[in-house]
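At position 107 of the sequence shown (counting the first as 1) the number is 107 in my numbering, and the numbers step up by one without a gap.
All C-beta atoms in this analysis are idealised placements derived from N, C-alpha and C, irrespective of residue type, glycine included.
Here the structure is a predicted model, which means the values were calculated and not measured.
Report on one structure; see the data block that follows.
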Amino acid sequence: MPDNDNKVTRRQFLNYTLMGVGGFMAAGMLTPMIRAAIDPVLKVKEDSGFIPVGDIKDLTNEPKRFDFKVTVQDAWHKSEETNTAWIYKDNDKIIAHSPQCKHLGCVVNWAGDPNKPNQYFCPCHNGYYEKDGTNVPNTPPIAPLDRFEVDVKDGTIYLGKIIPVA
Ligand code: FES
């Protein structure tokens, strides 16, 4: 005697198969989109504290470039990024500028324009900043360069978070 109650029709089988395949495809497309949306929330600098970047003896009153490694951990993997700061002594203070231009985010260099050896220069759109990070009026940047928090211990310079200058 045939058991028709548990029989799956060809139409039902096709529907289940298409739903399954569609579900896999949707998951495959949505996963990267969701990750991209929440990644900044998950991204955490390994150490929200301070990172050693160099020796205080190397500082002068002229901004000097220091490159250092930062470990970035997100929910899936850990990676190393190179970060940069321009650091100099200002009497008893140490100033550390972020190299990221406040116009559209290009990288600025101290004395990058030989005609203006006492300013930061952004080559993307001819942006200029004074030594203290103040944006030069009538050039594209609309705000001063950000600064790193700075600490010194046993002759080593440590940098912390980047703080926008109001
Ligand atoms: S990005 Fe620096 S001047 Fe435009």
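Within the same chain, show all residues whose beta-carbon is closer than 8 Å to that of P52, passing over the 5 residues directly before and after it, in chain order. On the sequence shown, position 52 is the one that residue 52 refers to. Counting only Cβ-Cβ distances below 8 Å, and skipping sequence neighbours, we find F68, T156, I157 and Y158.
Closer than 7 Å: is that where the CB of P117 sits relative to any heavy atom of ligand 1? Position 117 of the sequence shown, counted from the first residue, corresponds to residue 117. Result no, Cβ not under 7 Å from ligand 1.
Name all residues in chain order for which at least one heavy atom of ligand 1 lies closer than 5 Å to the residue's CB. C101, H103, L104, C106, C122, C124, H125, G127 and P140
Would you check if there are 3 or more beta carbon pairs closer than 8 Å linking the region 67-81 to the region 97-114? no
Residues in the same chain with beta-carbon distance under 6 Å from V107, minus the five sequence neighbours each way, listed in chain order, please. As a first step, residue 107 is located in the sequence shown; it is residue number 107 there, counting from the start. So the list reads P99, once near-sequence residues are dropped.
Per the DSSP calculation, F148 is bridged to which residue(s)? Stepping through the sequence shown from its first residue, residue 148 is reached at position 148. DSSP lists I162 as partners of F148.
In chain order, what residues of the same chain lie with their CB nearer than 6 Å to the CB of I162, ignoring the 5 residues before and after it? As a working note, residue 162 is residue 162 in the sequence shown. S98, D146 and F148, listed in sequence order.
Pull up the distance between the alpha-carbon of T82 and that of F50, whole angstroms please. Taking the sequence shown and counting its residues from 1, one reaches residue 82 at position 82. Taking the sequence shown and counting its residues from 1, one reaches residue 50 at position 50. C-alpha separation (whole angstroms): 15 Å.
So if DSSP puts F121 in a beta bridge, which residue, or which two residues, is it bridged to? Locating residue 121 in the sequence shown gives position 121, where the first residue counts as 1. Per DSSP, N109 and Y128.
Grouping DSSP H, G and I as helix and E and B as strand, with all else coil, what is D58? Here the question's residue 58 lines up with position 58 in the sequence shown. The answer is helix: DSSP assigns D58 an H, G or I state.
Helix or strand or just coil, what does DSSP make of A96? In the sequence shown, residue 96 corresponds to position 96, counting from 1. If DSSP states are grouped into helix, strand and coil, A96 belongs with the strands.
Selection from K7, F121, I87 and W76 that minimises the alpha carbon distance to K57: By one-based count along the sequence shown, residue 57 stands at place 57. With distances taken between Cα atoms, K57 lies closest to I87.
Out of W76, F13, A27 and Y120, which has the shortest C-alpha to C-alpha gap to R65? Position 65 of the sequence shown, counted from the first residue, corresponds to residue 65. Considering only alpha carbons, the answer is Y120.
Pull up the DSSP beta-bridge partners for K153, would you. For the purposes of this step, residue 153 is identified with residue 153 of the sequence shown, where counting begins at 1. Answer is T156.
DSSP-derived helix/strand/coil call for A85: Along the sequence shown, one-based indexing puts residue 85 at 85. Looking at A85 - three-state DSSP - the assignment turns out to be strand.
Per-residue burial, A166 [other beta carbons within 10 Å of its own, 16 or more giving buried]: In the sequence shown, residue 166 corresponds to position 166, counting from 1. Counting Cβ neighbours within 10 Å, A166 comes out exposed, since fewer than 16 surround it.
As a quick exercise: from D154, G105 and G28, pick the residue whose alpha carbon is nearest that of P202. Since the displayed the chain opens at 1 and closes at 166, residue 202 lies outside it and no answer follows.
Go through its chain and collect everything with a Cβ distance to C122's Cβ below 6 Å, but skip five positions before and after it. Here residue 122 refers to the residue found at position 122 of the sequence shown. Correct list, in chain order: C101, C106 and V108.
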